[in-house]
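A quick write-up on the structure given underneath.
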Amino acid sequence: MGMLERLRVAFSERQAKRSIRSRLDRLVDEIAEKNRIVETGSQPIPPSAQQHLDKADADYRQALAQFQEEDLDECNRYAERAEIHLKLAEVQLAETYSSSQALSLAESGVEGTLAQLSKAIVDTKLAIEYSNCNLSAQTRKGLINVTARFGNALELLKDGESEEAQGMAEAGLLRLYWYVVDLCLENRHTIVDLRLSKKSLSKLGWQLKEFVDRAAECKQRFYDVGKPLPPAVGTHLAGADQAFRNAIDCVIDNDDSGLEACLAAGSLELKTAEKLFQSSGASEKYEEESAPIAVRPSSSEYEANVDKLKRLIESSQTQNGDQVIKRLSASARYFRSALEQLAAGDRVEASRLSRAAYLDLDYARQLALSNKPAKYLDI
Amino acid sequence: MANTQDRKAVAIARMAKIELFLSGLASEHEAAADYHRNMIVEECISKGKKDLLRARKVLFAGQIEECMTVLEIALLRTNFGKQILEADAVEHILGESDYLELVEAPVPQEALIAYYFFQLEREVVKLYSQFKDEAPKT
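Residue numbers (the working numbering), protein chains in the order written: chain V, 15 to 393; chain W, 356 to 493.
Following this line, the structure appears as structure tokens:
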């Protein structure tokens, strides 16, 4: 290195040192100034502002130590941190809690969908608490799941997976919409009117929302008749419910073609249910019966609950676990066959099979939970 | 460069406000604990604090856009907790205190197994009751 070059490097280092020195001087002046404001102010200051001032002071001291050791990069790093803490304290000293509540939330994009989901969850909670309406265990559980989806979507977003987060948030919003519609039907009046915005949903998501509306109108028409549903109609309504659940899985997976297929299948189930309802002359045929309307439980729901229970038993090492699982599987098989026989019009066989489903279920329960030998006890 | 500095200033201002919002929520939650301790709000507060810590770390590292995303997450969480707390306050003021909990309380596994058996039994009895009068028992 030539003399000129050495001079140039020495000059540049000196300039850098002078620049950092003045940065540190400014920093210490500002810290002193803010501390003076805190000490002389009449208003109590937010604890977080004081914490930032303390951290700014600590980082300044670290920066100074690094400066003395001539590690200018580290010195700059600490100075930068101290400046950020100082600015955070400055904003907080000028702010109040009430003004911080006016922070605006995003209206579009994944953050907008999440904001709408959180508002919809709270609106539903408020309406349920205020109206003291009937809330089935299934709907309650569903609301808990939707809330969990909100948290899951936030975690996905935090991990940089914004498409997946959008899918999860949309799925939560649509699932909640479905539960609210069901809640209103169960209680025979509007509990809460969730107005979903087109901005929050994809084109297919919006079509799914419209499907839920059509399903609700269809169910409402059936309920308005005030008579039990013909079994075949119930089967197709359950089919529409299942198509919706499958569609929600597609929303989570961002599977547009799967979603379209589920929508088509669900719409077909609804149309078939309506046609069957009209052609069965339900109002005349069931005129003499006064039993409350009951849509038949779907076998897939029963089987899904059996599967959950089996997993639970496997994981908890319940006594007689293998036998319990065998009996549960048998019960699920009988239940499904009973529904098939019922749909085929063989009520005697359906009755026999549903009884068998009960006997095996009860036997499994005794094996799992009782210390006495299990016995087949009739329904 | 100027644009980066502007974005950084926006991020700092937003972080300061969200932090204040969150600490206000924590104080309100403590005050409300006299009548109800909501687990969702607790979770919002603890996760919100972690979000803010992460936002600060990425800001120190100069990753301003990531910082803005994490701040939005912290805001969504805090806002959700705030709304839930307000809903609980309304229920308390109305004197009912029948809170709808939106989180599954930890349940012992045996109780959970018994619960599932109960649910399944209800379903199967519901099905059987449709034809209990017409089927001969053998």
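Note that beta-carbon positions come from the ideal geometry of N, C-alpha and C, so glycine has one too.
Alpha carbon of residue i to alpha carbon of residue j, nearest angstrom
{"i": "residue 477 of chain W", "j": "residue 279 of chain V", "result": "29 Å"}
{"i": "residue 361 of chain V", "j": "residue 355 of chain V", "result": "7 Å"}
{"i": "residue 86 of chain V", "j": "residue 116 of chain V", "result": "41 Å"}
{"i": "residue 107 of chain V", "j": "residue 399 of chain W", "result": "24 Å"}
{"i": "residue 380 of chain V", "j": "residue 486 of chain W", "result": "26 Å"}
{"i": "residue 36 of chain V", "j": "residue 16 of chain V", "result": "30 Å"}
{"i": "residue 403 of chain W", "j": "residue 21 of chain V", "result": "52 Å"}
{"i": "residue 149 of chain V", "j": "residue 328 of chain V", "result": "31 Å"}
{"i": "residue 293 of chain V", "j": "residue 238 of chain V", "result": "17 Å"}
{"i": "residue 433 of chain W", "j": "residue 440 of chain W", "result": "10 Å"}
{"i": "residue 326 of chain V", "j": "residue 374 of chain W", "result": "41 Å"}
{"i": "residue 306 of chain V", "j": "residue 168 of chain V", "result": "With a pLDDT of 42 at residue 306 of chain V, under the threshold of 50, the modelled position of that residue is not reliable, and the figure given next carries that caveat. Answer to the nearest angstrom: the Cα atoms are 42 Å apart."}
{"i": "residue 185 of chain V", "j": "residue 426 of chain W", "result": "23 Å"}
{"i": "residue 235 of chain V", "j": "residue 358 of chain W", "result": "59 Å"}
For residue i, the nearest candidate out of the options (CA to CA)
{"i": "residue 350 of chain V", "options": "V:367, V:361 and V:341", "result": "V:367"}
{"i": "residue 410 of chain W", "options": "W:474, W:480, W:367 and W:485", "result": "W:367"}
{"i": "residue 376 of chain W", "options": "V:110, V:19 and V:215", "result": "V:110"}
{"i": "residue 281 of chain V", "options": "V:348, V:270, V:253 and V:264", "result": "V:253"}
{"i": "residue 99 of chain V", "options": "V:70, V:160 and V:85", "result": "V:70"}
{"i": "residue 391 of chain W", "options": "W:453, W:469, W:459 and W:484", "result": "W:453"}
{"i": "residue 320 of chain V", "options": "W:395, W:484 and W:473", "result": "W:473"}
{"i": "residue 499 of chain W", "options": "V:150, V:124, V:154 and V:145", "result": "Since the first residue shown for chain W is 356 and the last is 493, residue 499 of chain W is missing from the structure and cannot be characterised."}
{"i": "residue 34 of chain V", "options": "V:219, V:94 and V:237", "result": "V:94"}
{"i": "residue 470 of chain W", "options": "V:130, V:152 and V:145", "result": "V:152"}
{"i": "residue 415 of chain W", "options": "W:480, W:479, W:363 and W:482", "result": "W:363"}
Interface partners of residue i on chain W, CB under 7 Å
{"i": "residue 294 of chain V", "result": "What residue 294 of chain V touches in chain W: nothing, since even the nearest Cβ is about 17 Å away."}
{"i": "residue 334 of chain V", "result": "By Cβ distance, chain W contributes nothing, its closest Cβ being about 12 Å from residue 334 of chain V, past 7 Å."}
{"i": "residue 320 of chain V", "result": "475"}
Extent of the continuous alpha helix (DSSP H) run through residue i
{"i": "residue 471 of chain W", "result": "464-483"}
{"i": "residue 390 of chain W", "result": "Premise fails: residue 390 of chain W is in no alpha helix (DSSP H) and is neither H nor E."}
{"i": "residue 413 of chain V", "result": "In the structure as shown, chain V starts at 15 and stops at 393, and residue 413 of chain V therefore has no counterpart that could be examined."}
{"i": "residue 274 of chain V", "result": "270-293"}
{"i": "residue 31 of chain V", "result": "17-54"}
{"i": "residue 225 of chain V", "result": "217-239"}
{"i": "residue 260 of chain V", "result": "245-266"}
{"i": "residue 158 of chain V", "result": "151-172"}
{"i": "residue 432 of chain W", "result": "419-448"}
{"i": "residue 207 of chain V", "result": "Run containing residue 207 of chain V: none; DSSP gives neither H nor E here."}
{"i": "residue 124 of chain V", "result": "123-145"}
{"i": "residue 61 of chain V", "result": "61-82"}
{"i": "residue 348 of chain V", "result": "335-357"}
{"i": "residue 454 of chain W", "result": "Residue 454 of chain W -> no alpha helix (DSSP H), and no H or E assigned at all."}
Contact set between residue i and chain W, taken where Cβ atoms lie within less than 8 Å
{"i": "residue 161 of chain V", "result": "395, 457 and 458"}
{"i": "residue 95 of chain V", "result": "415"}
{"i": "residue 60 of chain V", "result": "375 and 378"}
{"i": "residue 125 of chain V", "result": "427 and 431"}
{"i": "residue 375 of chain V", "result": "472, 475, 476 and 479"}
Partners in chain V for residue i, counting only beta-carbon separations shorter than 7 Å
{"i": "residue 434 of chain W", "result": "119 and 132"}
{"i": "residue 425 of chain W", "result": "172"}
{"i": "residue 446 of chain W", "result": "143"}
Contacts of residue i in chain V (Cβ-Cβ under 8 Å)
{"i": "residue 468 of chain W", "result": "323, 326, 327, 330, 332, 382 and 383"}
{"i": "residue 367 of chain W", "result": "98, 101, 102 and 105"}
{"i": "residue 408 of chain W", "result": "Correct list: empty, because the minimum Cβ distance to chain V is about 12 Å."}
{"i": "residue 454 of chain W", "result": "143"}
Neighbour list for residue i in chain W, Cβ cutoff strictly below 9 Å
{"i": "residue 340 of chain V", "result": "In chain order: nothing, as chain W lies at least about 15 Å away."}
{"i": "residue 237 of chain V", "result": "Neighbours of residue 237 of chain V on chain W: none; closest Cβ ~18 Å, over 9 Å."}
{"i": "residue 158 of chain V", "result": "456, 457, 458 and 459"}
Contacts that residue i makes with chain V (C-beta to C-beta distance below 9 Å)
{"i": "residue 388 of chain W", "result": "Simply none; closest approach about 18 Å."}
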